[in-house]
Structures are given as structure tokens and as C-alpha cells.
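Heads up: take any position in the sequence shown, counting from 1, add 179, and you land on the numbering used here. Please read the structure below before turning to the comments.
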Amino acid sequence: MVGETLGGPYSRPPACQVESEPKRKRFPLPLLLDSRGLFGERGSPFIRSAAPTMERVQFDVAVKAILTSDRRYETDGYHFLRDALDHTIKALRKDELIEHRHVTGHELLEGLVALAVERFGPMAVAVLDSWGIREGDDVGTMVFNLIGAGAFGKSDEDSPSDFCGVMNLREELLAPYRPTREVLAKRGASPSELEPPARGNQPAKSSDL
């Protein structure tokens, strides 16, 4: 569990339990968003975005405090995580009203992947790896390090395990650069769309006629 006080000890959460069949969790990690920018409904704390309400210098202080005890992740990685949260919030605002709703752990990871691909392209895996970010649970550990340092907020139900086994970060970062067949498969293409074109003496598919 991450430290609960500023400058306290930080440790990696227990290793993810490998499940025989992956399943989509109920991601309760409620990064509660509120248009007022400080607290959600009834004063509930939330993970703050990079709005003017949280000055960058304060975030820098929190990151420096974390690095005195936990050097696994680089300063740039923490700043990128904060940018990824902002990116996620903006994307959600385009699609829905989020006055009093939660950003889930899965949504945050999706936002992080989208921003990494946008900024770094095929080098996204290498860049994140250089910061120590290799798995979804690395992101969860960083989130809870920031919670322990007072930069992010949480609810009593939140846990680093909310990020565990949620997403294969490396595969998602590489997916846009996979061969077209694999990209189509990830997007749920029908079997007929994945069939290779007829060649040689192979008969053409009825859909090709």
C-alpha cells in the first residue's frame, strides 16, 4: 500500500493475480470530477486536473516529496500522468456531461495510452519504459503515490488493485502500429473482414464476387 502521509514510505502494491480468463472489473477508482475544480458533491475529494486551481509548482513539490522515498518512476512520468488525466477529462467532456461522475481506472489508462500515442507515436513504449511505466499497475502505484503526497484525492473504496490486470499497456501502445489484420481484430472486425483476399488457385469468397 502506498504511504498515507507526505514523505512516508512508499511500496509497490502486491503483484496482480493472474486470472484464467480476463474479465472487465468494476472500476470504482472514482477520480471524482467537478466543474468547480476543487471538490465534488458534498465535499468529496477527487484527483485534481491540471486546472489553475492546482498550481504546477505545488505538483512539483508533491512529486519531489515522493521521489525522496520512491525512485522507481521519473519526474517526467508523474507530469505525463497528470497530463493524461487532463486529456481523459477533456475527452469525456466531448462525449457526455460529467458534472458529478467518476473517471475510472480503465478510463484513465485509456486516456494515458491515447496521449502517449499522440505525443510519441511508435516510440511510446520506449518513452514510458524510460520513466518506469510498463504496466497498468505502475500507473496505479503512481496515482497512489500522488494520493499519499496530497496531490490527488481518493475515496475509501479506492485501491491500487483497481489498476491491476486492467490493460496490457504495451499491447495497447503498439496496437496502432500492428499489421492491419491485427488492428481490425482488436476493433472487433467480423470474420469475413479478416479473411485474406483470394490468391493463386484459391476460390474467391462469395463476398468478393
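All residues carry an ideal CB built from backbone N, CA and C; glycine is no exception. For clarity, every value in this text was computed on a predicted model and none was experimentally measured.
Query: Nonlocal neighbours in the same chain, by C-beta distance under 6 Å from Ile-312, ignoring five residues either side; Result: Gly-256
Query: Residues near Gly-319 in its chain [Cβ-Cβ closer than 6 Å; skip 5 each side]; Result: Pro-339, Phe-342
Query: Three-state class that DSSP yields for Val-282 in the structure shown; Result: strand
Query: Rounded straight-line distance, which links the Cα of Pro-358 to that of Arg-328; Result: Checking the sequence shown, residue 328 turns out to be Ala, not Arg. Between Ala-328 and Pro-358, the C-alpha separation is close to 42 Å.
Query: Touching by the beta-carbon criterion (3+ pairs, under 8 Å), the segment 286-298 and the segment 232-250; Result: no
Query: N- and C-terminal bounds of the alpha helix (DSSP H) containing Ile-312; Result: First-last for Ile-312: undefined, no H or E at that position.
Query: Environment of Lys-333 [buried if 16+ CB atoms lie within 10 Å]; Result: buried
Query: Selected residue, minimal CA-CA separation from Glu-253, among Met-346, Gly-344, Trp-310; Result: Trp-310
Query: Residues near Ala-303 by beta carbon distance below 7 Å, same chain, minus five either side; Result: Ala-295, Val-296, Leu-352
Query: Nearest to Asp-317 (by Cα), restricted to the options Gly-290, Arg-251, His-266; Result: Arg-251
Query: Per-residue DSSP class, three states only, for Glu-351; Result: helix
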